[in-house]
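In the numbering used here, the protein residues as written are 517 to 796.
Backbone N, C-alpha and C define an ideal beta-carbon position, used for all residues, glycine too.
Data block below; observations after.
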Ligand SMILES: NC(=O)c1ccc[n+]([C@@H]2O[C@H](COP(=O)([O-])OP(=O)(O)OC[C@H]3O[C@@H](n4cnc5c(N)ncnc54)[C@H](O)[C@@H]3O)[C@@H](O)[C@H]2O)c1
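Dropping the structure here:
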């Protein structure tokens, strides 16, 4: 049954519909919240439906009918196709695709199985192909379409013991440029946001295996010019930028949001920075 939802009339994304993958936590969750606050109706796409529903409920309490939770493994083409069809069925259109879902496997390349390699490639890159393929007719029909892919600082440099992740994040830059070139004719812009150290479950999953997780994070932050980590909401603001006309005229590019991590080949904070003290 088609559920009627009210089209919000205010905000940068008023009248727009966004499909956001990996929206059950971290950066994707923050993007769903921000996009809804900016007037979009959002499909929260992820594997953990109960979690997605909880977040959708929270958003709907503020903006009734703005959020829909959908179960989907983004490495499964049929599931992606179904989630896009369900988004359009519910909201009547699709303007924005945020390919945010991602995973990391830590290990040495010679120990990987083919299945492990394929899994990370499937979740991080092939998923973007699936999402674009099935969203394309709707983005074209909208006459202005926005595709925003989430890369990483690993789109530009290597990180120890994450060979497949690093490969996927580099590949995302190529895919972003290809989509930008081939689909501008249809009014679609495609850009990539490349976050640095962001405090999400993914980050803590990796830090928590260390004896002193907070200490390990502080040690890493000594390599970051601003001396701080990003919040998921910081990254979501850049996703929003590429999902609306604030970024008019920009396509095929990548935006590094990393508190200065990639600015220097060698760097060590000499002491506290002003960014470590909140401004009132
Ligand atoms: N946290 C960081 O420091 C950091 C840095 C650079 C890039 N990133 C990227 O940001 C993106 C979001 O990650 P995050 O940091 O918010 O971590 P996160 O673990 O909170 O979010 C990742 C999301 O992707 C979902 N996901 C994983 N596999 C999936 C699948 N097969 N199908 C559907 N959903 C799936 C997870 O359930 C989760 O909701 C990822 O692409 C990640 O590579 C994160």
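Residue 554 has its alpha-carbon roughly 42 Å from the corresponding atom of residue 628. Pairing residue 591 with residue 668 gives a Cβ-Cβ distance that is not under 8 Å. Taken atom to atom, the span from the alpha-carbon of residue 596 to that of residue 796 is near 43 Å. With the rule of 3 Cβ pairs closer than 8 Å, the region 697 to 713 does not count as touching the region 618 to 632.
Going by beta carbons, residue 701 and residue 759 fall outside the 8 Å limit. Residue 636 and residue 680 have their C-alpha atoms roughly 7 Å apart.
Measuring C-alpha to C-alpha distances from residue 525 to each of 794, 574 and 579 identifies 579 as the nearest.
When DSSP reads this structure, residue 561 sits in a beta bridge with 537 and 586. Residue 788 and residue 743 have their C-alpha atoms spaced approximately 7 Å apart. Note on geometry: alpha-carbon atoms of residue 653 and residue 569 lie some 27 Å from one another.
DSSP, reduced to helix, strand and coil, places residue 727 outside both helices and strands of the structure shown, so it counts as coil. In this model, residue 703 and residue 766 are separated by some 12 Å (Cα to Cα). Residue 662 has 612 and 705 as its beta-bridge partners, per DSSP.
With a cutoff of 8 Å on beta-carbon distance, residue 560 and residue 529 are scored as not near each other. In the structure shown, residue 529 adopts coil according to DSSP, grouped into three states.
C-alpha of residue 632 to C-alpha of residue 790: approximately 42 Å in a straight line.
Boundaries of the alpha helix (DSSP H) around residue 596: 593 to 607.
Residue 794 is not a Cβ neighbour of residue 545, given a cutoff of 8 Å.
Residue 762 and residue 538 have their C-alpha atoms spaced approximately 24 Å apart.
Remark: the shortest separation between the CB of residue 622 and any heavy atom of ligand 1 does not fall under 7 Å. Not one heavy atom of ligand 1 is found less than 7 Å from the C-beta of residue 694.
Between residue 671 and residue 678, the C-beta spacing is not below 8 Å. With a cutoff of 7 Å, residue 618 counts as near ligand 1, since its C-beta is closer than that to a heavy atom of the ligand. Inclusion of residue 718 in the 7 Å shell around ligand 1 follows from its C-beta lying nearer than that to a non-hydrogen atom of the ligand. Note: residue 771 is bridge-paired with 709 in the DSSP secondary-structure output.
Going by beta carbons, residue 651 and residue 613 fall inside the 8 Å limit. Using a cutoff of 7 Å, the CB of residue 677 does not count as near ligand 1, since none of the ligand's heavy atoms is closer than that. Within the same chain, Cβ atoms closer than 7 Å to the Cβ of residue 659 are found at 703, the five residues on either side in sequence being excluded. Annotation: the continuous alpha helix (DSSP H) that includes residue 693 extends over 679 to 699.
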